[in-house]
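K.L.:
Quick one: structure below, then a few questions.
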Amino acid sequence: MKKSRYYLIFILAAFLPGCDSFLEEDIKTFTDPQKLLQNSAGFEQAVNGIYNAGNGLYNGRNYAMIYGMPSDEMWIPASAGSRWELSIFGFNPTNGDISTAWNAYTTGIARANMVLDNLPAVGTLGIANEKQFIDYKTGEALFLRAWFYFKHMMSFGPVPLLNTFNEVELFPSNSTIPELYSQIISDLTDAEKMLPNWKDSYAQPGRVSRGSAKALLGFVYLAKGNSEAKEANDYSNAAAKLKEVIDHEGYDLWEKYYEAFLPANKNKKEDIFSFQCEANSAVVSSLYTEFNLNPVPTGAARGYGQLPMTFLLYHSFESGDKRVTESLYGTPLVYTGAYVNRKTGATHYVNDRVMHEKYLDPVNGPISHNNQSTNFPLIRYADVLLSYAEAVNEANNGPNNDAYSGINKVRNRAGLAPLSGLSKSQFFEAIVIERWHELFAEGIRWYDLKRWGLLKRAELKEFNPPYIPDFEVQLPKHSVFPIPQPQIDANPNLKQNSGY
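Numbers 6 to 505, taken from the working numbering, label the letters of the sequence shown in order.
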């Protein structure tokens, strides 16, 4: 296979040690990564660049939209465009939003490979605690490569497996799902040995930790258990790894659901991995604006309201569920009909869609619609608890006390009665519903329905007049997205996913 040694030019966003997010951009270009990584500042910048590959995917609407629209969670009041295509499973290889995801994942993987191919040797940086520093940065790079590859594989199927940077194939072929799982599991197994606990004195807020690696590894085993790469011990491996997170990593739920998303609580006890955003920095959040219609409850100048919750989801919540009824201001977190503009006191109405204030920034939200500090959650402790309950149910051929403990802790915070006395299939269905309610608008629902083989549930969602499409979820076609057409055109060895 013909190979080529090449260097890429990166623009890396500098992470300020001791701060909670990527606050500034220190623009660096370079042509030799081997030289860049031979000093601690360059090494850290290169790792920061891996994180920053998610900029544009995670800090705005894209991630929540790409993995929420093609599900039973979200719809769009439109009749054309790439978002509409996602919502009705009408997407094709030219869909621009799908290309955004592909580009973020492949960029993150390439940047991780660049770091891992050019690691400095211990004793060459000339800094205190040098091995600890190198292990930390290496663990971050391994975790992030695994993260991007897991999302890439789940989204696009058997994508090319590239785990080197200095020597790469010019036209790589599709790999296999078992090969990709093997690489992801290997990276995470190594990463968890190198990363600190999030409470360790040298751990920096906003960076991944040992708990992040263990949680993701648990998720990977859980998905693998219902894939073509499945093995007999996948569910037990998932349960064991997630139990380590629960028992040893020091995470917990906030008392109230809405507290998990407030900027004041970022990178704390429920936040295992999130994309860092900070108002008045290079990476800001505009999430709130996407889920609320103008005039928005905060009184900010703009609200798009183009990513509404489905009425199917809204009406499925149990009566009194605090994930709907309880917010910072004593008003419903999820709402339709009458609502109040808190800046003017005026009452407004939104009757054709369901909005929510999940991503409220109470400090910056009333001032600006697109300059906020709300992180985008990528791994929350609530997800760990629900995934653990699911894994135990599968591994044990039915729920036991550990499985009930996981799901009931989440339900307890929501003010709901504990579950008990369920069969394996009943408990699984309870997990399907609970994850729908707990993790809405977090870019998870499509992944869940895909790995469960339940994507056709998306056909149940309602579209208000005049947006009443007739669409069909086609399986197995829609269990992966199409590879973007420019990638197919540029690489003669890359095969398009079936049906596209």
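Ideal Cβ placement from N, Cα and C applies to all residues, glycine included. Everything numeric in this text was worked out from a predicted model, so none of it was measured.
Could you check if residue 379 is buried or exposed, using at least 16 other CB atoms within 10 Å of its CB as the buried criterion?
P.N.:
Residue 379 should be labelled buried.
K.L.:
Measuring only the C-alpha atoms, how far is residue 94 from residue 223?
P.N.:
Spanning the two alpha carbons is a distance of roughly 29 Å.
K.L.:
Using only alpha-carbon positions, find the residue among 356, 320, 384 that is nearest to residue 77.
P.N.:
Of the listed residues, the one whose Cα sits closest to residue 77 is 320.
K.L.:
Quick one: give me the first and last residue of the alpha helix (DSSP H) that residue 453 is part of.
P.N.:
Unbroken alpha helix (DSSP H) run through residue 453: 450 to 457.
K.L.:
Assuming residue 435 and residue 412 are in contact, meaning their beta carbons sit under 8 Å apart, how far apart are those beta carbons, in whole angstroms?
P.N.:
With 8 Å as the limit, residue 435 and residue 412 qualify as a contact, their Cβ atoms being about 7 Å apart.
K.L.:
Could you tell me which residues DSSP pairs with residue 278 in its beta bridges?
P.N.:
According to DSSP, which records beta bridges pairwise, residue 278 is partnered with 384.
K.L.:
Please report the straight-line C-alpha distance between residue 39 and residue 275, rounded to a whole angstrom.
P.N.:
Approximately 37 Å, taken between the alpha carbons.
K.L.:
At the 9 Å Cβ level, is residue 476 part of the contact set with chain D, yes or no?
P.N.:
Here there is only one protein chain, and chain D is not present.
K.L.:
Taking 7 Å as the limit between beta carbons, can you name the residues of its chain near residue 273, skipping five residues before and five after?
P.N.:
Result list for residue 273: empty, nothing under 7 Å.
K.L.:
Using 10 angstroms around the beta-carbon of residue 492, count the other beta-carbons present and answer buried if the total reaches 16, otherwise exposed.
P.N.:
Its Cβ being crowded by 16 or more others within 10 Å, residue 492 is buried.
K.L.:
In the DSSP assignment, what residue or residues form a beta bridge with residue 343?
P.N.:
354, per the DSSP bridge assignment.
K.L.:
Tell me which same chain residues have a C-beta within less than 7 Å of the C-beta of residue 188, skipping the five on either side of it?
P.N.:
Taken in chain order, the residues that qualify are 154, 166, 168.
K.L.:
If you follow the alpha helix (DSSP H) that residue 414 is part of, which residue opens it and which one closes it?
P.N.:
Where residue 414 is concerned, the enclosing alpha helix (DSSP H) stretches over 406 to 418.
K.L.:
Mapping DSSP to helix, strand and coil, what is residue 74?
P.N.:
In this structure, residue 74 counts as coil in the three-state DSSP scheme.
K.L.:
Is residue 483 helix, strand or coil by DSSP?
P.N.:
DSSP places residue 483 in helix when its eight states are reduced to three.
K.L.:
When the Cα atoms are used, what is the spatial distance from residue 148 to residue 246?
P.N.:
Near 15 Å, if we compare the C-alpha coordinates of residue 246 and residue 148.
K.L.:
Below 8 Å on the Cβ atoms is my guess for residue 290 versus residue 377; work out the distance and round it to an integer in Å.
P.N.:
Confirmed, Cβ separation roughly 4 Å.
K.L.:
Under 8 Å, with one C-beta from each stretch per pair, do the segment 395 to 413 and the segment 328 to 339 reach the 3-pair mark?
P.N.:
Output reads no: the segment 328 to 339 does not touch the segment 395 to 413.
K.L.:
Going by Cα to Cα distance, which pick from 133, 261, 352, 277 is closest to residue 421?
P.N.:
The candidate whose alpha carbon is nearest that of residue 421 is 261.
K.L.:
Indicate the three-state DSSP secondary structure (helix, strand or coil) for residue 309 in the structure shown.
P.N.:
If DSSP states are grouped into helix, strand and coil, residue 309 belongs with the strands.
K.L.:
Measuring alpha carbon to alpha carbon, tell me which residue in 495, 486, 63, 363 is nearest residue 100.
P.N.:
Taking only the C-alpha atoms, the option nearest residue 100 is 486.
K.L.:
Opposite residue 290 in the DSSP bridges: which residues?
P.N.:
Answer is 377.
K.L.:
Nearest CA to the CA of residue 265: which residue from 385, 98, 87, 193?
P.N.:
Closest by alpha carbon: 385.
K.L.:
Within the chosen definition, does the segment 70 to 87 reach the segment 116 to 134 through at least 3 CB pairs nearer than 8 Å?
P.N.:
No, they do not touch.
K.L.:
Below 9 Å between beta carbons: does that hold for residue 454 and residue 415?
P.N.:
No, Cβ-Cβ distance for residue 454 and residue 415 is not below 9 Å.
K.L.:
Taking 8 Å as the cut-off, is the C-beta of residue 64 nearer than that to any heavy atom in the ligand HEM?
P.N.:
Because no ligand of any kind appears in the structure shown, any question about the ligand HEM cannot be addressed here.
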